[in-house]
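Trainee: Sequence lines, in order, name chains A and B. Residues in the first sequence are numbered from 0 upward in steps of one, following numbering that gives the first Met the number 0. Residues in the second sequence are numbered from 0 upward in steps of one, following numbering that gives the first Met the number 0. Have a look at this one before I ask anything.
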Amino acid sequence: MNTELSEEAVEYGRTALRAFEAAGGDQIVQDAEREPARRADLVEPVLAELGAWDLDPRGGADELEAVAALCRVAGWWALPYPVAERLARPADSSTDGLVVIAGTGPGGAGGTGDGLGAGDAGLVGYGPAAPVAGLGRRWSTVTFDGGRGIATAAPPATTPRYGAFVTGLVDDPALVPSQASRDGDGLADLALGLVLPCWTLLGMLDRAIDLTRAHVLAREQFGQPLARFQGVQFQLTDAEVERLGVEELAKYALWAVATGRGEAVDDALALRLAILEAADQVFRVAHQLHGAMGFCDETTLSWISRYSQPARRLPLGLSATRDELTRRIGRAGLAGPFAPRREPDLEVQPL
Amino acid sequence: MGEGVETLRRDLRELVHKHVPPDFLGAFTDDPADLEVAQSFSRTLAELGLLCMAWPTEFGGRGATLWEQTVVREEMWAHHEPRGAQYMGVNWVGPAIMRHGTAEQQQRHLPPIARGEVIWCQGFSEPESGSDLASLRTTAHPDEESGGWRVSGQKVWTSYATMAQWCFLLARTSREKRRQQGLTVFLVPMSDPAIEVRPIPSMLGPHHLNEVFFDELRVTEADVLGTVGEGWAIVQEVLAFERVGIARYARVERLLQAAPAALGAEWDVLPEELRSRWARMLVHARRARLLAYRVVSLQAGGRIRPDDSAAYRIAVTRLDQESAEVLMDIVAGASLPGEEGRRFRRAVEDHRRYSVSATVASGSVEMQRILMSRSLLAAR
Chain A
0 MNTELSEEAV EYGRTALRAF EAAGGDQIVQ DAEREPARRA DLVEPVLAEL
50 GAWDLDPRGG ADELEAVAAL CRVAGWWALP YPVAERLARP ADSSTDGLVV
100 IAGTGPGGAG GTGDGLGAGD AGLVGYGPAA PVAGLGRRWS TVTFDGGRGI
150 ATAAPPATTP RYGAFVTGLV DDPALVPSQA SRDGDGLADL ALGLVLPCWT
200 LLGMLDRAID LTRAHVLARE QFGQPLARFQ GVQFQLTDAE VERLGVEELA
250 KYALWAVATG RGEAVDDALA LRLAILEAAD QVFRVAHQLH GAMGFCDETT
300 LSWISRYSQP ARRLPLGLSA TRDELTRRIG RAGLAGPFAP RREPDLEVQP
350 L
Chain B
0 MGEGVETLRR DLRELVHKHV PPDFLGAFTD DPADLEVAQS FSRTLAELGL
50 LCMAWPTEFG GRGATLWEQT VVREEMWAHH EPRGAQYMGV NWVGPAIMRH
100 GTAEQQQRHL PPIARGEVIW CQGFSEPESG SDLASLRTTA HPDEESGGWR
150 VSGQKVWTSY ATMAQWCFLL ARTSREKRRQ QGLTVFLVPM SDPAIEVRPI
200 PSMLGPHHLN EVFFDELRVT EADVLGTVGE GWAIVQEVLA FERVGIARYA
250 RVERLLQAAP AALGAEWDVL PEELRSRWAR MLVHARRARL LAYRVVSLQA
300 GGRIRPDDSA AYRIAVTRLD QESAEVLMDI VAGASLPGEE GRRFRRAVED
350 HRRYSVSATV ASGSVEMQRI LMSRSLLAAR
């Protein structure tokens, strides 16, 4: 097991962070929200400069780690662009990207564009959806049982301010690949499609903690910085423990994907469950410690918080992720030194 | 971790299987046979060169890697610490004597620890000095007659004091401007009649908690570890060892993973919500393990700071308690027939009792939060 990212991947992440800062940093998401049609133009040239389109997340551990580092940067700046989904596109580039979907029926999360007034739908809906509005029509999809398909993205039914660029995905039976859909590659896609957006969300947690730390050091009440109050210190510390824990799980799940382990989907779901719990706590603490400022558009936290919603609700929210993990692992538990079934050479004595 | 480490894990499991009865729930029970199991197992490990494998070769160890030490910690804790109280001698008393002891102290104390023949206890906490250890009142007054000191005072929560032969005692030798100054570590024999031990009955079981009274205990320069008045630095070092020394997640993982087999067909009719809490605990156990590995990686790279182990400690102690609640709910509604079922229930109940102390023992979780927040909010 190796849970250290390569120095090259870490350096690539630093380069990407600076590149997006130079391209506008926090302003990028604000510009995209104001002019949704520009969102690809705001992000894609920087990705091209960074050589992101040459990265193949299925091409080995080094490339996968670089992709993960880039996704994390995308989260830090709340980039209004599905970096994780786009980079997970099929090797032959036959579609615009890969999204994990849950549920069936008409594309949800804002619907298919029929009959919903802009601004009232939000991102909570029914059926498959992803934050891919306005970015190409054809998306590879994979379901939680490894079923692969191709869907078309519906026109956005609401403004990004309420929908965070989420739109419905409509399964197109005419476009379903002819090969068997529940093969091993489908599960590999599922693991990859779950893990990379978690890296984006991790970048958002990094940023939320960083912003909150800076705020409590600067903001004074009762004649001293908020950071001097133990009630504040302990909340921030607990949030940071959550963030550190999911950072380790994210590296573990990435290693599981890179090495093609049979349990990679379990590991991805374990990561997703932990990061959704962490996100609840980190954003709750971040908002609480920012006070009313944290709701306002003038603070970056407000943007990061709003744009974290798609990754936290889709394809499955916290409870549904926990149910899915529980169903998948059954009686076998998670792989590890004390798992009875998966380490046959390491017999664990019954208690 | 590497193949060598997994071989070591296999070897340790075989040894435990061979030498430790399946019913064993630790050395500190009402049954004296359990203590004998631990003493005998420690001697076996010592004979095989596995007890002190982390020690440098010049002190009889084999300079095991940090990852090998991690596997030993995991396997021992997962199997209810069959080394008994020996882990303290091996993990931190011995290393402290190596770094700060005189040649005579090293010669006297290290070989018996390495052979697994001696039990140590730790004389730190006092009735009025818990987390605020520097406020301790046990005092070593100069003894003009002997040229040494006479120690008087009271320690509390002292594990293994009823069976220990030696005490790693912290006492005040002078009043200085800073409370952390003027403290001295003494290595004292528990057989001295000036020491009285009174057990404290508790939910943790016998031998875990004791009061220790010192009434004019005579000590000399030869009993001082390190320099007089500079014991605080030694204690800080010792506590840092202890904070990463217990792989609590390993027992949690073993218990959680064993639950479905222990319940048999009854597992499938547990409430779905309970099985989902179980799955969540497995994730949290893995998370705690990976946070421990993070500390080990930082140690290996020489980059460790106090707050790095604090994050792990906060996560793992919370895991101990939350997992205990889930496991208790699992066994509460299960019939668990037969020997294995009974064994699983006992192990879970033991874990539940012991987990209550997790956020208090070895540095309270509040102290860990303080340590961590200091670093998190420090200037960058």
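Using N, Cα and C, we set each Cβ at its ideal position, and we do this for glycine too. Here the structure is a predicted model, which means the values were calculated and not measured.
Since A/V131 and A/V99 are thought to touch, with beta carbons under 8 Å apart, how far apart are those beta carbons, to the nearest angstrom?
Mentor: By one-based count along the first sequence, residue 131 of chain A stands at place 132. By one-based count along the first sequence, residue 99 of chain A stands at place 100. Not quite, the Cβ-Cβ distance comes to about 12 Å (not below 8 Å), so this is no contact.
Trainee: Quick test of your reading: B/E252 and A/G335, contact by CB under 8 Å. State the CB separation rounded to the nearest angstrom.
Mentor: If you number the second sequence from 1, residue 252 of chain B lands on position 253. If you number the first sequence from 1, residue 335 of chain A lands on position 336. Between A/G335 and B/E252 the Cβ distance is about 6 Å, and since that is below 8 Å, they are a contact.
Trainee: Would you say B/R217 touches the ligand GDP, meaning its beta carbon is less than 7 Å from a heavy atom?
Mentor: Annotation note on the ligand GDP: not contained in the displayed structure, which lists no ligands.
Trainee: Flag this pair as touching only if the region 188–204 of chain A and the region 148–155 of chain A have three or more C-beta atom pairs under 8 Å; answer yes or no.
Mentor: no
Trainee: Can you have a look at A/E262 and say buried or exposed, based on whether 16 or more other CB atoms are within 10 angstroms of its CB?
Mentor: Position 263 of the first sequence, counted from the first residue, corresponds to residue 262 of chain A. Per the 10 Å Cβ criterion, buried.
Trainee: Would you please verify whether the beta carbon of A/V240 is less than 8 Å from any beta carbon of chain B?
Mentor: Locating residue 240 of chain A in the first sequence gives position 241, counting from the first residue. Yes, A/V240 counts as interfacial toward chain B.
Trainee: Tell me, which residues are paired with B/A415 by DSSP?
Mentor: This structure gives no information on residue 415 of chain B, because the portion of chain B shown stretches from 0 to 379.
Trainee: At a CB distance below 9 Å, what residues from the region 283–300 of chain B approach chain A? Give them in sequence order.
Mentor: H283, A284, R285, R286, A287, R288, L289, L290, Y292, R293, S296
Trainee: Let me know the secondary structure DSSP gives B/A139 once reduced to three states.
Mentor: One-based indexing of the second sequence puts residue 139 of chain B at position 140. Three-state DSSP puts B/A139 in a strand.
Trainee: For B/V218 versus B/V237, is the C-beta distance shorter than 8 Å?
Mentor: Taking the second sequence and counting its residues from 1, the one referred to as residue 218 of chain B is at position 219. Taking the second sequence and counting its residues from 1, the one referred to as residue 237 of chain B is at position 238. No, the pair does not count as a contact, with Cβ atoms beyond the cut-off.
Trainee: Give the secondary structure of A/A128 by DSSP, where H, G and I count as helix, E and B as strand, and everything else as coil.
Mentor: As a working mapping, residue 128 of chain A is identified with position 129 in the first sequence. Strand.
Trainee: To the nearest whole angstrom, what separates the beta carbons of A/E64 and A/L243, a pair I think is in contact under 8 Å?
Mentor: Taking the first residue of the first sequence as position 1, residue 64 of chain A is located at position 65. Taking the first residue of the first sequence as position 1, residue 243 of chain A is located at position 244. 19 Å between Cβ atoms; not a contact.
Trainee: Can you list, in chain order, the residues of its chain with a C-beta nearer than 7 Å to that of B/D222? Leave out the 5 residues immediately preceding and following it.
Mentor: Locating residue 222 of chain B in the second sequence gives position 223, counting from the first residue. Same-chain partners within the cutoff: F185, L186, V187.
Trainee: Compute the Euclidean distance between the alpha carbons of B/D22 and B/M202, then round it to the nearest angstrom.
Mentor: As a working note, residue 22 of chain B is residue 23 in the second sequence. As a working note, residue 202 of chain B is residue 203 in the second sequence. Taking the straight line joining both Cα atoms gives about 19 Å.
Trainee: Under 9 Å Cβ-Cβ, which residues of chain B neighbour A/P339?
Mentor: Along the first sequence, one-based indexing puts residue 339 of chain A at 340. Correct list: Q256, A257, P259, A260.
Trainee: Determine whether the Cβ of A/G332 lies closer than 8 Å to any Cβ atom of chain B.
Mentor: As a working mapping, residue 332 of chain A is identified with position 333 in the first sequence. True, the Cβ-Cβ gap to chain B drops below 8 Å.
Trainee: Run through chain B and tell me which residues come within less than 9 Å of A/R37, C-beta to C-beta.
Mentor: Residue 37 of chain A sits at position 38 when you count from the first residue of the first sequence. Going along chain B, no residue has its Cβ under 9 Å from A/R37, so there is no contact; the nearest lies around 35 Å.
Trainee: Tell me which residues of the region 265–291 of chain A have at least one Cβ-Cβ distance to chain B shorter than 7 Å, keeping chain order.
Mentor: A269, L272, A273
Trainee: Exposed or buried, B/P192, counting other C-beta atoms within 10 Å across all chains shown (16 or more means buried)?
Mentor: Here residue 192 of chain B is taken as the residue at index 193 of the second sequence, counted from 1. Its Cβ having fewer than 16 others within 10 Å, B/P192 is exposed.
Trainee: Based on Cα-Cα distance, which residue from B/S275, B/Q320, B/I313 lies nearest to A/R330?
Mentor: If you number the first sequence from 1, residue 330 of chain A lands on position 331. Of the candidates B/S275, B/Q320, B/I313, the residue whose Cα lies closest to the Cα of A/R330 is B/S275.
Trainee: Candidates B/P94, B/R114, B/V117, B/V36: which alpha carbon is nearest B/H78's?
Mentor: Along the second sequence, one-based indexing puts residue 78 of chain B at 79. B/H78 has its Cα closest to that of B/V36, out of B/P94, B/R114, B/V117, B/V36.
Trainee: Which residues does DSSP pair with A/I149 in a beta bridge?
Mentor: Within the first sequence, numbered from 1, the residue matching residue 149 of chain A stands at position 150. A/I149 pairs with A/S139.
Trainee: Measure the C-alpha to C-alpha separation of A/G109 and A/R326 and round it to an integer number of angstroms.
Mentor: As a position in the first sequence, residue 109 of chain A is number 110, starting the count at 1. As a position in the first sequence, residue 326 of chain A is number 327, starting the count at 1. Confidence is the limiting factor: at A/G109 the pLDDT is only 44, short of 50, which leaves the residue's position unreliable, though a coordinate-based value still follows. Rounded to the nearest angstrom, the two C-alpha atoms are 29 Å apart.
Trainee: Specify whether the region 75–91 of chain B and the region 109–120 of chain B touch according to this definition: at least 3 beta carbon pairs, one from each stretch, less than 8 Å apart.
Mentor: Yes, they touch.
Trainee: Just to confirm the assignment, what range does the alpha helix (DSSP H) spanning B/S372 have?
Mentor: Start at 1 with the first residue of the second sequence, and residue 372 of chain B comes out as number 373. B/S372 -> alpha helix (DSSP H) spans 364–375.
Trainee: So, using beta-carbon positions, are B/S372 and A/T211 closer together than 8 Å?
Mentor: Looking up residue 372 of chain B in the second sequence gives position 373. Looking up residue 211 of chain A in the first sequence gives position 212. It is not a contact, given that the beta carbons lie outside the stated cut-off.
Trainee: Tell me the DSSP bridge mates of B/K154?
Mentor: One-based indexing of the second sequence puts residue 154 of chain B at position 155. Answer is B/V211.
Trainee: Going by alpha carbons, who is nearest to B/Q235 out of B/S130, B/Q104, B/N209, B/L269?
Mentor: One-based indexing of the second sequence puts residue 235 of chain B at position 236. That would be B/S130, whose Cα lies nearest to the Cα of B/Q235.
Trainee: Compare the C-alpha of A/V284 against each of A/Y251, A/F233, A/V245 and name the closest.
Mentor: Counted from its first residue, the first sequence places residue 284 of chain A at position 285. Selected option, being the one with the closest Cα: A/F233.
Trainee: DSSP three-state label for B/E5, please.
Mentor: Locating residue 5 of chain B in the second sequence gives position 6, where the first residue counts as 1. Helix, per DSSP.
Trainee: Look up A/F97 in the DSSP assignment and say whether it is helix, strand or coil.
Mentor: Against the first sequence, residue 97 of chain A aligns to sequence position 98. For the sequence presented, residue 97 of chain A should be read as Leu rather than Phe. Looking at A/L97 - three-state DSSP - the assignment turns out to be strand.
Trainee: How many Å lie between A/G23 and B/A377 at the Cα?
Mentor: Residue 23 of chain A sits at position 24 when you count from the first residue of the first sequence. Residue 377 of chain B sits at position 378 when you count from the first residue of the second sequence. If you take the alpha carbons of A/G23 and B/A377, they lie about 29 Å apart.
Trainee: Just confirm the distance between the C-beta atoms of A/A15 and A/M203, as a whole number of angstroms; I'd bet it's less than 8 Å.
Mentor: As a first step, residue 15 of chain A must be located in the first sequence, where it is residue number 16. As a first step, residue 203 of chain A must be located in the first sequence, where it is residue number 204. About 15 Å separates the two Cβ atoms, so there is no contact after all.
Trainee: Determine the chain A residues that contact B/W148 at a beta-carbon separation under 8 Å, and present them in chain order.
Mentor: On the second sequence, residue 148 of chain B is found 149 positions in, with the first residue counted as 1. Ordered by position in chain A, no residue passes the 8 Å Cβ test against B/W148, which lies about 38 Å from the chain.
Trainee: Quick test of your reading: A/V66 and A/L86, contact by CB under 8 Å. State the CB separation rounded to the nearest angstrom.
Mentor: Against the first sequence, residue 66 of chain A aligns to sequence position 67. Against the first sequence, residue 86 of chain A aligns to sequence position 87. That belief holds up - the Cβ atoms of A/V66 and A/L86 are roughly 5 Å apart, short of 8 Å.
Trainee: Assuming B/R286 contacts A/E247 under a Cβ cut-off of 8 Å, what Cβ separation, rounded to an integer in Å, is found between them?
Mentor: Taking the second sequence and counting its residues from 1, one reaches residue 286 of chain B at position 287. Taking the first sequence and counting its residues from 1, one reaches residue 247 of chain A at position 248. Yes, B/R286 and A/E247 are in contact; Cβ-Cβ is about 7 Å, under 8 Å.
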